[in-house]
Amino acid sequence: MSTHKQDRRAFIKNTGKAGVAAGIALTVLPAWATAGSPLAWNSFTQQPLPYDYKALEPFIDAVTMEIHYSKHAAAYAKNLGEAVVAEKVDTNNTPLEDLLRHVSKYSPKLRNNGGGHYNHELFWQCMKPGTATKPEGKLAAAIDQFFGSLDAFKTQFTDAGKNRFGSGWAWLVLTADKKLMVGSTPNQDNPLMDLSDLKGIPLLGLDVWEHAYYLKYQNKRPDYIANWWNVVNWEFVQKKFELG
Ligand code: MN3
Numbered sequence: 025m026s027t028h029k030q031d032r033r034a035f036i037k038n039t040g041k042a043g044v045a046a047g048i049a050l051t052v053l054p055a056w057a058t059a060g061s062p063l064a065w066n067s068f069t070q071q072p073l074p075y076d077y078k079a080l081e082p083f084i085d086a087v088t089m090e091i092h093y094s095k096h097a098a099a100y101a102k103n104l105g106e107a108v109v110a111e112k113v114d115t116n117n118t119p120l121e122d123l124l125r126h127v128s129k130y131s132p133k134l135r136n137n138g139g140g141h142y143n144h145e146l147f148w149q150c151m152k153p154g155t156a157t158k159p160e161g162k163l164a165a166a167i168d169q170f171f172g173s174l175d176a177f178k179t180q181f182t183d184a185g186k187n188r189f190g191s192g193w194a195w196l197v198l199t200a201d202k203k204l205m206v207g208s209t210p211n212q213d214n215p216l217m218d219l220s221d222l223k224g225i226p227l228l229g230l231d232v233w234e235h236a237y238y239l240k241y242q243n244k245r246p247d248y249i250a251n252w253w254n255v256v257n258w259e260f261v262q263k264k265f266e267l268g
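Shown next as structure tokens:
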């Protein structure tokens, strides 16, 4: 178990007790996902979008962002909320990532919406306005080590997104043996899930469902992916890589 995880668990325990002592319900953000922490986005409820709907233009248009965030992603969060109540998940003591690691024990509703919620919260963080730079430091070195070059990595990731039949996600993951790997998952599955063929910690995710690009790019998924590289938040990917 990583130090990071131990800290998180200790934190859950302590703040949980404080919450009980004060007689207040711990809702909205679980204790381990404090505002401003790198994990703040990783909660059971939809968090504020970290930028305006129009912030990613011209690469991702405002109407797509608004519908994607306020309709599609909001529905996953709402349905996940229903599923965790129905299936008696103790969300104050269960990080969402841990739940996904055992998702095969739960219903298809929890799987689809737990994945859908997690994937979208991650996706918003994987993007940011402004001109994307490129990975730096240890992440840049690891990309060179495992893919040969940044361009070779981008080609492999782009192909994973283009070739995912139907709806799904393309991923860069950190595997259990600390290797970088590219792949894709169907529907709202993700590489944390015990039933996923691709396994690892997701560092970068790309939504290739048509709802993510159809208004601007119609059926041209490759054009969407090519433009999406302009809004990748490499700093976030680096942070996730360093947290491991
Ligand atoms: Mn989506």
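Residues 25 to 268 (the working numbering) make up the sequence shown, in order.
Backbone N, C-alpha and C fix where the C-beta goes; we use that ideal spot for every residue, glycine too.
All figures in this text were calculated on a predicted structure; none of them were measured in a lab.
Alpha-carbon spacing of Pro54 relative to Asp85, whole angstroms: Confidence is the limiting factor: at Pro54 the pLDDT is only 44, short of 50, which leaves the residue's position unreliable, though a coordinate-based value still follows. For Pro54 and Asp85, the gap between their C-alpha atoms comes out near 32 Å.
C-beta contact flag for Trp193 and Thr209 at 8 Å: The answer is yes: Cβ separation under 8 Å.
In chain order, each alpha helix (DSSP H) run of at least 4 residues that lies wholly inside the segment 219 to 257: Entirely contained in the segment 219 to 257, the alpha helix (DSSP H) runs reaching 4 residues are, in chain order, 238 to 241, 245 to 252.
Span separating the alpha-carbon of Ala98 from that of Asn66: Answer to the nearest angstrom: the Cα atoms are 15 Å apart.
Among Ala107, Glu111, Ala250, the one whose alpha carbon lies nearest that of Asp175: Selected option, being the one with the closest Cα: Ala250.
Beta-bridge pairing of Gly206 - partner residues as DSSP gives them: Note that residue 206 corresponds to Val in the displayed sequence, not to Gly. Per DSSP, Leu196.
Counted within 10 angstroms of its Cβ, other Cβ atoms place Val109 as buried (16 or more) or exposed: So Val109 counts as exposed.
Cβ shell of Gly19 (< 6 Å), same chain only, five flanking positions each side left out: Any answer about residue 19 is impossible in this case: the structure gives the chain only from 25 up to 268.
Whole-angstrom C-beta distance between Ser128 and Leu219, which should lie under 8 Å: Right, their Cβ atoms sit about 5 Å apart.
Rounded C-alpha distance that separates Val255 from Asn117: Using only the alpha carbons, I get a separation of about 34 Å.
As assigned by DSSP and simplified to three states, the class of Met217: Coil at Met217, not helix or strand.
Inter-residue Cα distance where the pair is Gly190 and His144: Our two residues, Gly190 and His144, have alpha carbons roughly 18 Å apart in a direct line.
Sub-8 Å separation of Pro153 and Trp258 beta-carbons: Their beta carbons are not under 8 Å apart, which means Pro153 does not touch Trp258 by this criterion.
Residue environment, Pro226, which counts as buried when at least 16 other CB atoms sit within 10 Å: Classification for Pro226: buried.
Inter-residue spacing [alpha-carbon to alpha-carbon] between Trp233 and Cys150: CA-to-CA, the gap between Trp233 and Cys150 works out to about 16 Å.
Close-in-space but distant-in-sequence residues of the same chain around Tyr75 (CB under 6 Å, 5 per side omitted): The residues are Pro153.
Inter-residue spacing [alpha-carbon to alpha-carbon] between His141 and His235: Approximately 15 Å, taken between the alpha carbons.
Contacting residues, own chain, Cβ-Cβ under 7 Å from Tyr241 (five flanking each side not counted): Hits under 7 Å: Asp247, Tyr248.
Cβ-heavy atom distance, Asp231 to ligand 1, below 7 Å: Result yes, Cβ under 7 Å from ligand 1.
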